[in-house]
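For reference, the structure is listed below as structure tokens.
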Amino acid sequence: MENEKLQQEQMLDQFWKHPPALDTKVVGQLMQLIWDHIPSLEYRRRASLNKEKELIVRPASLGGQGNYKNF
């Protein structure tokens, strides 16, 4: 996810620096699609990190109980 987000940001940056020889309306629409996609990638990245934290904390909190079957 992080790589995909970085690629999207780099592509957007390239459009700003070197706009292709296309209809400016089409380029603008493509740039907007990329721009709109970046927050969803960031959301997925945060959700993944939260899930990872949950999976790390959960076994640690069960550590003294010896009851590992529930997770």
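Just so you know, we're using my numbering here: the sequence shown kicks off at -14 and counts up by one.
Cβ atoms here follow ideal geometry from the backbone N, Cα and C, with glycine treated the same way.
The model shown is predicted, which means the values in this text are computed figures rather than measured ones.
Cα-Cα separation between residue i and residue j, rounded to whole angstroms
i        : j        : result
Lys(-10) : His3     : 20 Å
Thr9     : Phe0     : 11 Å
Leu47    : Glu39    : 12 Å
Arg43    : Tyr28    : 22 Å
Ile19    : Glu(-13) : 15 Å
Val11    : Gln17    : 10 Å
Ser25    : Ala32    : 10 Å
Gln14    : Glu37    : 35 Å
Arg30    : Asp21    : 15 Å
Any non-hydrogen atom of the ligand MN within 7 Å of residue i CB
i     : result
Ile19 : The model depicted lacks the ligand MN and carries no ligand whatsoever.
Inter-residue CB distance, residue i and residue j (contact presumed, cutoff 8 Å)
i     : j       : result
Ile23 : Gln(-7) : 5 Å
* **Every unbroken beta strand (DSSP E) inside the region 20 to 48 [3 residues or more]** => none
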